[in-house]
Every structure is written in C-alpha cells, then in structure tokens.
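>
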Amino acid sequence: MSLIKLENVSVYFQNEKNPRERVGALVGMNLEIEPGEIIAVVGESGCGKTTLGKVITDIYQPTEGRLLYKGKDVRELDKREYREYRLGVQMIHQDSYAALNPNRTIFQSLSLPLLQHKMVKNRQQAWDRLVELFTEIGLTPPEQFLEKYPHQLSGGQRQRILLARALSVKPSLIVADEPVSMVDVSLRISLLDLMARANKKYGISFVYITHDLGTARYIAHHGRIAVMYLGRMVELNQIQAALDRPAHPYFHALISAVPEADPTLRNGRMASLPLKSFDMPSVTNAPPGCKFHPRCPYAEAVCEREEPRLREFEGGLVACHLVEKIRANAPPRD
Ligand code: SF4
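Taken in order, the sequence shown gives residues 27 to 360; the numbers are from my numbering.
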C-alpha cells in the first residue's frame, strides 16, 4: 500500500485580478509515494511543485480529488489517525530563518513538538533525544547549538536543524522544498547526504522539490522524477531513464539547458532543444490545449486544441500528443 496517494487532485485559487475566475495551481495530479522511496519533483517557479508539497502535508486542501495516507482519505481520518499522519509526514522549508521562531532557542523550538505529542516524558528526555540527533547529523557540540537562537546560526546550520526537527518525530515521509537553495554551494552536498542517509537508515521516504536537476539527480539517483509544468505533471519516470532519454519536450529542453560544466547530468550527446519562447506563461493566463504549446518547437494544431493526458510511454508516463512521432524522428544515439 502506498504511503501517500494523490487521486486526481486539483488546487484552485481565486484570481486576484478577476475574483470570478479560478486559477489552477495544481491540476489533475495523480501520484503514489511508496515507503522508503525518494522522488524528485522538478520544474520552473510557478509550476505547482510547492503547491504539491503543501497538499501532501495538508497545508493546502485539494479543491478537487483526494489525498490518501496509508490507503485512507486524510479527511476521513479519526483524531488519532490524523495525529499519526501529521507526525508521519513532515516538511522542510526553503527559508530556514522563517521556519524557526526567532524568539525561541533551538531547544525551545524543537522540544515543543516532542513534549506536545508525548514522544518524551519531560524536558530532560527531550534534551537527550535532541543531543543524540544533533550528534548524528553533525551539529556538534550539540549543547551549544541547542542553546542558540536562529539568528546566531548560519543558513546551513539552520537547515540541518530543520532536518533534525523533522527527524525528531520519526516520520515516514519528509517533503523537502528547495532545502538547499539558500545554502552555500559547499554545504549542499553534505545536507543532501544527510537526507540520503536518513532514507537508507530509517527508510524515510523523501519528496525532494527543486528547480535544480543536479541536486535532484544526486539525491534521487535510484528513485523517480516528476516533471511539473504550469500545475500539471508532464513526465514521471525513473530518474536515470528520464535524464538519459527525456520523453516530454519540456523536460528535454530543461536538461539540454544545463551548463556543460556538469557532464554527468548534461548528457553530452543530447542536442539542445531551441524553444519558441523563453517565457513561461502565467498560471493566471494558461494557454488552451497543451500548456507547453506556445513554447514547444514540435507543436501542431492538436496541441493548441486538446490538453494531453498522462499516458504510458517507454516505462514511464508522459503528457504529450506527439511523443511517439518526436521519438521516431529523433537523431540516432551514439
Ligand atoms: Fe509539444 Fe504538442 Fe507535446 Fe505539448 S503535446 S509537448 S505542444 S508536441
């Protein structure tokens, strides 16, 4: 049974400029997250990946469709089950400063959920648990970090503390929303390694949300990748297969735009895909048909008329009317 399942989930917001209009931040999303898996969710800003993370953690409720936790609709969980879900599914935010109360020491902030949810009996037990966790993730000496306020720490240290906060309640799934984008490049790999270690050691699933294909590939190299565009998932596959042979023209364009300095990612044999436009349309003004058609070099009349559905292709899923034709006409690979 999947840990998390999204069944045809859509999230609509009211258009601020025209209150009678709805804006689809996430549309028709179907996704299952298995225990212990890492799935990277990639796309440009405004593609719906953060909305997806907020649906999984119940910060946003679906306007349409259902979110299931261990096979049960989250809206139908009883009080005990809902508490288990809220503890079991944690989120790490991009902005570590905003995610921590500036008026509380790290110990005060991190001991609160442990005490509230009776995961420890008293402050001493909370202290001991956090000392153990901080040591494990390299925040040493732990006592010093626990007594500090958020502003006394670097961005990388705060992000480790957010990871410790998520791990402290023994979750089954962590949604990490751009967790390293505000961290020094030199510290990114060590944070990703910590997440990978937590995945391996405790079997914690990760949804890793990013616009950076390099870090997605690093953390999810045995997992899957979901590619988002204007609120829709346009490709889902094993990450290695998808990076090597992207099916959706948008994903092809994303990969071929990666600077060649990263040769492991930027497959040297992959020709770049010149788009008709660099600008992503706004979700408030999404085009009809395939949302990618104003930029897609392969677009035909059908693409302007009909929105493609996700369907099976070469072991993954892709939302493109013409994928077979595009593949058949692709230059042969070395
Ligand atoms: Fe391009 Fe058409 Fe495929 Fe959309 S459906 S990605 S416009 S070829």
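For glycine and all other residues, C-beta sits at the position ideal for the given N, C-alpha and C.
1. Measuring alpha carbon to alpha carbon, tell me which of GLN151, ALA345, HIS274, SER135 ends up nearest LYS174.
2. Hey, would you say the C-beta of ALA325 is under 7 Å away from at least one heavy atom of the ligand SF4?
3. What do you reckon, is the C-beta of PRO275 under 7 Å from a heavy atom of the ligand SF4?
4. In chain order, what residues of the same chain lie with their CB nearer than 8 Å to the CB of GLY97, ignoring the 5 residues before and after it?
5. Using CA coordinates, which residue listed in LEU179, VAL209, PRO197, GLU340 is at the minimum distance from ALA268?
6. If you draw a straight line from the alpha carbon of SER194 to that of LEU138, how long is it in whole angstroms?
7. Can the beta-carbon of GLU261 be found closer than 8 Å to that of LEU343?
8. Using a Cβ-Cβ cutoff of less than 6 Å, which residues in the same chain neighbour GLY74 once the five nearest sequence positions on both sides are dropped?
9. Once DSSP output is grouped into helix, strand and coil, what is the label at SER231?
10. Across the segment 115–123 and the segment 54–74, are there enough close Cβ pairs to call them in contact, namely three or more that are closer than 8 Å?
11. Using 8 Å as the threshold, is the C-beta distance between ILE235 and THR76 below it?
12. Based on DSSP bridge pairs, tell me the residues matched to ALA202.
13. GLY181 lies in the alpha helix (DSSP H); which residues open and close that run?
14. Are there 16 or more other CB atoms within 10 angstroms of the CB of ASN225, so buried, or fewer, so exposed?
15. Checking the sheet assignment: what are the DSSP bridge partners for ILE281?
16. Could you please give me the residues that DSSP links to ALA252 through a beta bridge?
17. GLY249 and ILE64 - do their beta-carbons sit closer together than 8 Å?
18. Apply the 10 Å Cβ neighbour rule to TYR228 and answer buried if 16 or more other Cβ atoms are within range, or exposed otherwise.
19. Can CYS346 be considered in contact with the ligand SF4, in the sense that its beta carbon sits closer than 7 Å to one or more heavy atoms?
20. Tell me the rounded alpha-carbon separation between ASP154 and PRO313.
21. I'd like to check one pair, ILE187 with LEU218: are the Cβ atoms closer than 8 Å?
22. Kindly indicate which residue of LEU199, LEU299, SER303 has the alpha-carbon position closest to the one of ILE352.
23. Determine the DSSP secondary structure at LYS31, reduced to helix, strand or coil.
24. Within 10 angstroms of the Cβ of ASP104, are there 16 or more other Cβ atoms? Answer buried if so, exposed if not.
25. Kindly provide the ranges of any beta strand (DSSP E) runs that are 3 or more residues long and lie completely inside the segment 107–152, ordered along the chain.
26. Whole beta strand (DSSP E) runs in the segment 315–352 with 3 or more residues, listed along the chain?
Checking against the coordinates, here is how it stands:
1. Locating residue 174 in the sequence shown gives position 148, counting from the first residue. Of GLN151, ALA345, HIS274, SER135, the residue nearest in Cα terms is SER135.
2. In the sequence shown, the residue the question calls residue 325 occupies position 299. For the ligand SF4, a non-hydrogen atom lies closer than 7 Å to the CB of ALA325.
3. Taking the sequence shown and counting its residues from 1, one reaches residue 275 at position 249. Checking every heavy atom of the ligand SF4 against the Cβ of PRO275, one is found closer than 7 Å.
4. Position 71 of the sequence shown holds residue 97. Excluding residues within five positions, the ones whose Cβ falls inside 8 Å are MET27, SER28, LYS31.
5. Here residue 268 refers to the residue found at position 242 of the sequence shown. For ALA268, the nearest C-alpha among the options comes from GLU340.
6. Here the question's residue 194 lines up with position 168 in the sequence shown. Here the question's residue 138 lines up with position 112 in the sequence shown. If you draw a straight line from the Cα of SER194 to the Cα of LEU138, it comes to about 11 Å.
7. Taking the sequence shown and counting its residues from 1, one reaches residue 261 at position 235. Taking the sequence shown and counting its residues from 1, one reaches residue 343 at position 317. Their beta carbons are under 8 Å apart, which means GLU261 touches LEU343 by this criterion.
8. Taking the sequence shown and counting its residues from 1, the one referred to as residue 74 is at position 48. Same-chain partners within the cutoff: ALA51, LEU52, MET254, GLY257.
9. The residue given as residue 231 occupies position 205 in the sequence shown. Reduced to three states, the DSSP call for SER231 is strand.
10. Under the 8 Å Cβ criterion, the segment 115–123 does not count as touching the segment 54–74, having fewer than three qualifying pairs.
11. Position 209 of the sequence shown, counted from the start, is the residue given in the question as residue 235. Position 50 of the sequence shown, counted from the start, is the residue given in the question as residue 76. Yes, the Cβ-Cβ distance between ILE235 and THR76 is below 8 Å.
12. Your numbering for residue 202 matches position 176 in the sequence shown. Beta-bridge partners of ALA202 (DSSP): ILE118, TYR234.
13. Within the sequence shown, the letter at position 155 stands for residue 181. First-last of the alpha helix (DSSP H) with GLY181: 181–194.
14. What you label residue 225 is simply residue 199 of the sequence shown in a count that begins at 1. Buried is the call here.
15. In the sequence shown, the residue the question calls residue 281 occupies position 255. Its beta-bridge partners do not exist; DSSP assigns none.
16. Indexing the sequence shown from 1 puts residue 252 at position 226. For ALA252, DSSP records a beta bridge to VAL67, LEU262.
17. Reading the sequence shown from its first residue, position 38 is the one you call residue 64. Reading the sequence shown from its first residue, position 223 is the one you call residue 249. In contact: ILE64 and GLY249 (Cβ atoms closer than 8 Å).
18. Taking the first residue of the sequence shown as position 1, residue 228 is located at position 202. Exposed is the label assigned to TYR228, since fewer than 16 other Cβ atoms lie within 10 Å of its Cβ.
19. Position 320 of the sequence shown, counting from 1, holds the residue named residue 346. Shortest gap from the CB of CYS346 to any heavy atom of the ligand SF4: under 7 Å.
20. Here the question's residue 154 lines up with position 128 in the sequence shown. Here the question's residue 313 lines up with position 287 in the sequence shown. Approximately 55 Å, taken between the alpha carbons.
21. Your numbering for residue 218 matches position 192 in the sequence shown. Your numbering for residue 187 matches position 161 in the sequence shown. A distance of 8 Å or more separates the beta carbons of LEU218 and ILE187.
22. Translated into positions along the sequence shown, residue 352 becomes position 326. Answer by Cα proximity: LEU299.
23. Locating residue 31 in the sequence shown gives position 5, where the first residue counts as 1. Strand.
24. For this step, residue 104 is matched to residue 78 along the sequence shown. The residue is exposed, with fewer than 16 neighbouring Cβ atoms inside 10 Å.
25. You should have 115–118.
26. Fully enclosed beta strand (DSSP E) runs of 3 or longer: 337–339, 342–344.
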